[in-house]
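Colleague: Provided herewith is a single structure, encoded as structure tokens, for subsequent inquiry.
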Amino acid sequence: MKKTLTKLVAMLMVAAMAFSFVGFMPREANAAPVSILENDSPARKRSSEPAAEPDEIVPIIVKLKDAPVLAKTDVSNERSAEMSKALAAKQDKLFAAINKKLVKGGNLEISYHYTLLFNGFSFRGEYRLIEEIKKLNGVEDCYRAAEYELPEDAKPDGNPTKLSTSVGFINADDMWALGYTGQGQTIAVIDTGIKVNHTNFATAPQDPHFDAAGIQSVLNRYDLCAEERYNGTLTGATLYHSAKLPFTFNYYACNTDVSHANAGSDHGTHVSSIAAGCDSSSRGVAYNAQIISMQVFQNGGAAWTEILAALEDCAWLEVDALNMSLGSDNGFTQGEADMEEVFALLTAHGVNCAVAAGNSGTAGSGNNYGSKQPTFNMDNGVVASPSTLGGSLSVAASSNSSSATPTSYSSWGTTADLSIKPEIMAPGDNIRAATDSQYSYSNYGTKSGTSMASPHIAGSMVLVNQYVNTAFPSLSEQARMEMVNTLLMSTAVPSKSGNTPYSPRWQGAGQANLTAAINTKAYIEVEGSLRPKIELGDDDNRTGIFNFSFDIVNFGSTAKTYTPTVYVLTENTGTVSIGGQSYYTMAGSASNITNNVNVTVPQSVTVPANGRTTVNVTVNVSGYAATLNEKFPNGAYIEGFVTLAGDVNLSVPYLGFYGDWEKASVLDRDFYYDEYLGNGDPIPAEWGINTAGSSIGGENYIAFGENPFTDTENFLFDRASISPNGDGKMDAVDTAYNYLLRNCEYFEYSIVNAQTNEEYYNLQVPWARKCSEKSWYTDIEPLGTYEEELPDWDGSNLPNGTTVKLRMTAYMHSYDEFNPSANECAYWEIPITVDTQEPEVVYWNMQNGQLMLYVSDNHYVSYVGIYSDSACTNLITSAAVEETTRGALTMLEFDVGNRTTVYAKVGDYAYNISTAQITEGEGGSLEPVELQGISFAEQEIETYQGFGAALNIVREPANANNYEVVWTSANENIATVRGGMTKATVTGVAEGTTTVTATATDKDTGASFTATISVTVNYYPSLNDALNVQGGNLNFVSTGTYAWQIDMTTFSARLAGASTNSGAGNSQSAVTMDTIHLSAGDKLTFAWAVSSEANYDKLKFYVNGNVVENISGETTIWNRYEYTAPSDGNYIFKWSYEKDGSVNKGQDKGWVDDISITYVNPPYTLGDVDNDGRITISDALMTMRYAMGTAALTDTQILAADFDGNGTVSITDATMILRAAMIAD
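Residue numbering for the sequence shown follows the numbering used here, beginning at 1 and increasing consecutively.
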């Protein structure tokens, strides 16, 4: 029986096809009553989180329309304080109006006034106030303040490195020998605070810029943010902790306690130590600089309200540099406009800003391509904002060695507009510096990340600033700040692997080299760029030619000569196989193609004293185009460095893109309807499937066009609809999840009339970030994860039946104007009909337990459920209805058993529902259509013993409705039949073949028509059949929620036993063999296979309760396993597929087959010569033939044939076995 598998599979396919010819899917009439919404609901989980409840207290920022002070003048201007007070007065006036008009009791208080870098204020208030405040005069904007998480320490790449070693990697120690130690400089560290009594901050710096009187002088002249919420009068003496720490303030707690008690992390102490700490154990980069400690973090997070207050005070204090080791992945160079303006004004007034690039590697991590970025989407940068903003110097992390290899976790660029970010690199891996023993168990400890690299650069900035103040005394504040960055980047050393530099998208200009920065008498300038980096944009026509130039500026008194070398790089590639298709992937390393392309550059360049020389470079990759086009279908990075060998080496990074940068898909390529329409993109989704729909209450929603009540088989766009009737079921267009592959300047929802294109609704979500993995244990967040990213339109003001289009367009952020039509996939749309009309039962006929219904709707009927109670809670049977034309009349037939009254619930695709009581007889009205013939779609069908198969009548014409049908089986001992007007169920009784006949008679004309079909009934295999080797008779038991079942379809020509707990976290599905006695040396053999999450979800083999072996992984290759009994005794064998609580991979299933036992001394039953478990005439014949010498028997068979036990096999034994067989029969 087991080897009839091919035939069994074919029968299953026929049975399945029988259901595909009708527009509905009936349930078994005798099924237990269930609730359709509880047990068969197609609803999807709605995972969107509200921004906040209306009455939730949140940090709110209000922006006024007037420009801030530093947009008009400098801090040093005597009118700056006056201008600040004037803006604050206007803010107070507006806030008074908010308190009076919008707040019950009017008792809100301003948290901070912002006047220098931003004109606005913050307060904590109810979330509902935001939209109301936006309506007030003088308000530019109002929003909930963004919050930032404290970066987690990265997992280090290498061994711990002392700070004394890491500062040497950027030559800071050589700077000290030259007298540059940070004296007179100030570094603001905006972080988790600092351990003020740590020995690393106890040594007074030389020539400090601030003393307590100096801080008091600032307080006397200006209104600092720190003063606003301090309880009492804030004085210089209060803020001043020591000469090393002249300003310490906690902007969250509003006091001078900058310990880590609020933040719960000593991150700020470690960062401060790297930048400017000083004791006998560790010296920071600028160990004589003063640290302005500004605590903004609390409980692992920091709100923009506190960060902005700290930045305002940085401007008032005119700090030389600041360090920010915080950020959000996938940053923009523009956007988040207020933050952009703040940093632009801060740097324009002389503050150098070192900001961590992030610790997230690349965008591909965690995706569906095995964490590898496919080369058809080269936009893999995740570098974090605010480091991506123009005012920030974005800092990458290098390893703790002189080779300065970028760390594996350091975030890659580029940004969405092809900017070079990060821009510079410094040590950040496993750095040993000061810590707080209360949080790190020691006063010195190691941390890793760009958070550690950034303070290396902040310290570097003030050392170079010391030099710039002397070498360029006449520079303005902004020019001085720019000169510091220019010297640092021009002299940075590009790190290499062999002779191949690492990508500038990973290391920026390279590792900082401080002595070179102050010893050089020349630097690089790039027209149109504030910093020495060349950003070429894209070559959208794929000419392969990249022309660029830069100036070498010599500020020395003698001419300088340099030898240029151009390195041309692109991305290295690997491959990954998805669904049998191979794709090129980004390898995360550079391929040096310099020798494969043509480069034009001068052999040497001489720059006159106090002059400049332009260097022109051409990189022509057209000769390498075939390889680029093959590996990078949407284009490739063409990037690298131009190095200039001279008395002090210079270099400049460049970045271009061969191809149209804006072509690669902005949206992930799979949409929820693809699985129905069969038009899915052959390229699998990188992150997820884009969906849109309408909520039905709780956390559930229905995707547009899907059946709201049961599974959807045949999808039709025109069925998509909403019903704005206030019942909470599909009332509005309110759910959409879009997986973005590229950063978007804004994402637009537009709802327009499908005929006239008149727009009814528009929502633009600004600065939408692409998908990337935050951590291995959190889900990817598509756009729509948060409520404010979703549309909310109900169309209640439109006439019933109006069809609109929901258009969703992703406007990519790029360096030029983006055209969605030129992108592979930047927009999609769905037609949606406003439908508030209920469907109805037009006619019914119920006789002898057979119910025939006709239903209709103005739009499309989606579901009919037949219930035994008027509340429609006890389901008898149901059907999905999938009409293809609006307003269609659809007939359905149900088996309702012996009931004489039932209730029909009819639904449509907008979740409109009507109910009707159905009694025996008929009701409603229907125009009769004469029957002219019937037939079956198939010539024959097959089924199994105890199973039913569907039979469907094909009517001529298809809408004939006025007839009766009689069904008959030619042999009811083989198959029975029971049916109605359009279908019947044939049930197998015993193995064999018979015929089933349907006779249909038209009620008006009396004309009769007959159709006959052949029915074959086959034996249905058991679990024992599936698990045993062919002919085996071992017995197996599997019970419980996840009992094993037979599997006839997964493997060609193989019947196997299979687990059933796929997708069920923390579950087991087991099958056990009956206890069996084995002798030492007996062998159990079986075949098994698994498709699962490797190392987590396992198929295990147990012997007497102990795991002996297990397999896991995404493979369906069959392997044989043999177990040898070590001793005589009873054995219990069990196979169990066991899952952990999280990820599901592959088919998430285990299989076992071909179980058999080979005995050292095989057991036998006297007389059962063929060992089939029975004594039959066949056993007697085998014995007789052996006794006559005409056949052979095995040793075990001879023992079974010796029935009289005299040690020989004779005719007497054959006769005795024959008698035993006759008695058994």
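Idealized CB from N, CA, C, for every residue including glycine. Values in this document were obtained by computation on a predicted structure and should not be read as measured data.
Excluding five sequence neighbours on each side, which residues of the same chain lie with their C-beta closer than 7 Å to the C-beta of Asn362?
Modeller: Stepping through the sequence shown from its first residue, residue 362 is reached at position 362. Position check: residue 362 holds Thr in this sequence, whereas Asn was assumed. Hits under 7 Å: Gln373, Asn380, Val382, Trp412, Gly588.
Colleague: Hey, which unbroken runs of the beta strand (DSSP E) at 3 residues or more fall wholly within the region 908-973?
Modeller: List check, beta strand (DSSP E) in window: 913-919, 921-924, 933-936, 940-944, 948-956, 963-969.
Colleague: Helix, strand or coil for Lys85, going by three-state DSSP, please let me know.
Modeller: Within the sequence shown, the letter at position 85 stands for residue 85. If DSSP states are grouped into helix, strand and coil, Lys85 belongs with the helices.
Colleague: For Asp539, count neighbouring Cβ atoms within 10 angstroms of its own Cβ and tell me buried if that reaches 16, exposed if not.
Modeller: The residue given as residue 539 occupies position 539 in the sequence shown. Classification of Asp539: buried, given that the 10 Å Cβ count is 16 or more.
Colleague: Out of Asn513, Leu487, Pro246, point me to the one whose CA is closest to Leu530's CA.
Modeller: Counted from its first residue, the sequence shown places residue 530 at position 530. For Leu530, the nearest C-alpha among the options comes from Leu487.
Colleague: Name the DSSP beta bridge partners of Asp1047, please?
Modeller: Working through the sequence shown from its first residue, we reach residue 1047 at position 1047. Per DSSP, Ala1056.
Colleague: Can you name, in chain order, every residue of its own chain whose Cβ lies under 8 Å from the Cβ of Arg940, other than the five neighbours on each side?
Modeller: Along the sequence shown, read from residue 1 onward, the residue named residue 940 stands at position 940. First, the amino acid is wrong: residue 940 is Glu here, not Arg. Closer than 8 Å at Cβ, skipping near neighbours: Ile1013, Ser1014, Val1015, Thr1016.
Colleague: Going by alpha carbons, who is nearest to Gly284 out of Val566, Asp191, Phe201, Tyr502?
Modeller: Position 284 of the sequence shown holds residue 284. If we check each option's Cα against that of Gly284, Phe201 comes out closest.
Colleague: Have a look at Ser272 and Thr435 and give me their C-alpha separation to the nearest angstrom.
Modeller: Here residue 272 corresponds to residue number 272 of the sequence shown, with the count starting at 1. Here residue 435 corresponds to residue number 435 of the sequence shown, with the count starting at 1. Between Ser272 and Thr435, the C-alpha separation is close to 10 Å.
Colleague: Leaving aside the five residues before and after Ser868 along the sequence, list all residues of the same chain whose C-beta is less than 6 Å from its C-beta, in chain order.
Modeller: The residue you call residue 868 lines up with position 868 of the sequence shown. Within the same chain, Ser868 has close Cβ partners Asn874, Ile876.
Colleague: Could you pull out every residue in the same chain whose Cβ sits closer than 8 Å to the Cβ of Ala204, ignoring the five residues on either side in sequence?
Modeller: Within the sequence shown, the letter at position 204 stands for residue 204. Hits under 8 Å: Ser242, Ala243, Lys244.
Colleague: Name the two residues that bound the continuous beta strand (DSSP E) containing Tyr1233.
Modeller: Residue 1233 is absent from the structure shown; the chain starts at 1 and stops at 1225.
Colleague: Using the C-alpha atoms, what's the distance from Gly1081 back to Ala1043?
Modeller: Locating residue 1043 in the sequence shown gives position 1043, counting from the first residue. Locating residue 1081 in the sequence shown gives position 1081, counting from the first residue. Approximately 31 Å, taken between the alpha carbons.
Colleague: To the nearest angstrom, report how far apart Gln507 and Ala337 are at their CA atoms.
Modeller: Translated into the one-based positions of the sequence shown, residue 507 becomes position 507. Translated into the one-based positions of the sequence shown, residue 337 becomes position 337. Rounded to the nearest angstrom, the two C-alpha atoms are 27 Å apart.
Colleague: Rounded to a whole number of angstroms, what is the C-alpha to C-alpha distance between Phe376 and Ile420?
Modeller: By 1-based counting over the sequence shown, the position of residue 376 is 376. By 1-based counting over the sequence shown, the position of residue 420 is 420. About 21 Å.
Colleague: Ile98 bridges to which residues according to DSSP?
Modeller: Locating residue 98 in the sequence shown gives position 98, where the first residue counts as 1. In the DSSP output, where bridge partners are listed per residue, Ile98 has none listed.
Colleague: With DSSP as the reference, please indicate the residues paired to Val605 in a beta bridge.
Modeller: Residue 605 sits at position 605 when you count from the first residue of the sequence shown. BP columns for Val605 point to Tyr562.
Colleague: On the criterion of 16 or more Cβ atoms from any shown chain inside 10 Å, does Ile1223 qualify as buried, or is it exposed?
Modeller: The residue labelled residue 1223 in the question sits at position 1223 within the sequence shown. Result: exposed.
Colleague: Could you work out which residue in Asn1119, Val954, Glu686, Tyr786 is closest to Val576 when comparing CA atoms only?
Modeller: Within the sequence shown, the letter at position 576 stands for residue 576. Checking every option, the nearest Cα to that of Val576 belongs to Glu686.
Colleague: Tell me Gln295's beta-bridge partners as DSSP assigns them.
Modeller: The residue labelled residue 295 in the question sits at position 295 within the sequence shown. Gln295 pairs with Asp191, Asn250.
Colleague: Decide if His1077 is buried, meaning its Cβ has at least 16 other Cβ atoms within 10 Å, or exposed.
Modeller: As a working note, residue 1077 is residue 1077 in the sequence shown. Under this definition His1077 is an exposed residue.
Colleague: My parser needs the beta strand (DSSP E) runs of 3 or more residues fully inside the region 1165-1189; what are they?
Modeller: Here no run is fully enclosed.
Colleague: Grab the span of the beta strand (DSSP E) containing Val468 for me, first residue to last.
Modeller: Within the sequence shown, numbered from 1, the residue matching residue 468 stands at position 468. Val468 -> not in any beta strand (DSSP E); alpha helix (DSSP H) instead, spanning 450-471.
Colleague: Please classify Pro766: is it buried, with 16 or more other beta-carbons within 10 angstroms of its beta-carbon, or exposed?
Modeller: Taking the first residue of the sequence shown as position 1, residue 766 is located at position 766. So Pro766 ends up on the exposed side.
Colleague: Determine the burial state of Arg1219: buried for a count of at least 16 other Cβ atoms within 10 Å of its Cβ, exposed for fewer.
Modeller: On the sequence shown, residue 1219 is found 1219 positions in, with the first residue counted as 1. Flag for Arg1219 reads exposed.
Colleague: Have a look at Asp40 and Gly544 and give me their C-alpha separation to the nearest angstrom.
Modeller: Taking the sequence shown and counting its residues from 1, the one referred to as residue 40 is at position 40. Taking the sequence shown and counting its residues from 1, the one referred to as residue 544 is at position 544. Interpretation of Asp40 is limited by its pLDDT of 45, a score under 50 that renders its predicted location unreliable; the figure taken from the coordinates is listed afterwards. Roughly 57 Å between the two C-alpha positions.
Colleague: CA-CA distance, Asn137 and Ala509?
Modeller: Mapped onto the sequence shown, residue 137 falls at position 137. Mapped onto the sequence shown, residue 509 falls at position 509. Approximately 47 Å, taken between the alpha carbons.
Colleague: What distance in whole Å lies between the Cβ atoms of Gly182 and Ala261, which are believed to be in contact at a cut-off of 8 Å?
Modeller: Counting from 1 along the sequence shown, the entry for residue 261 is found at position 261. Counting from 1 along the sequence shown, the entry for residue 182 is found at position 182. The Cβ separation is near 29 Å, so there is no contact.
Colleague: Is the region 312-320 close to the region 209-224, with three or more CB pairs under 8 Å?
Modeller: In short, these stretches touch, since the Cβ pair count reaches three.
Colleague: Do you know offhand how far Glu748's Cα is from Asn541's?
Modeller: Within the sequence shown, the letter at position 748 stands for residue 748. Within the sequence shown, the letter at position 541 stands for residue 541. Roughly 28 Å separates the two Cα atoms.
Colleague: Please give me, in chain order, every unbroken run of the beta strand (DSSP E) with length at least 3 that falls completely inside the region 723-794.
Modeller: Fully enclosed beta strand (DSSP E) runs of 3 or longer: 735-737, 744-753, 759-768.
Colleague: For Glu1114, which three-state DSSP category applies?
Modeller: On the sequence shown, position 1114 is the one that residue 1114 refers to. Reduced to three states, the DSSP call for Glu1114 is strand.
Colleague: Short check: CB of Ala512 to CB of Ala492, under 7 Å?
Modeller: Indexing the sequence shown from 1 puts residue 512 at position 512. Indexing the sequence shown from 1 puts residue 492 at position 492. In this structure, Ala492 lies closer than 7 Å to Ala512 by Cβ.
Colleague: Could you check whether the region 857-872 touches the region 819-831, counting it as contact only if at least three pairs of C-beta atoms, one from each stretch, sit closer than 8 Å?
Modeller: Contact fails: fewer than three Cβ-Cβ distances are below 8 Å.
Colleague: Verify whether the separation of the beta carbon atoms of Gly1063 and Asp1140 is less than 7 Å.
Modeller: The sequence position of residue 1063 within the sequence shown is 1063, counting from 1. The sequence position of residue 1140 within the sequence shown is 1140, counting from 1. No; because the gap between Cβ atoms is not below 7 Å, this pair is not in contact.
Colleague: For the alpha helix (DSSP H) holding Ala172, just list the boundary residues, first then last.
Modeller: For the purposes of this step, residue 172 is taken as the residue at position 172 of the sequence shown. Unbroken alpha helix (DSSP H) run through Ala172: 172-177.
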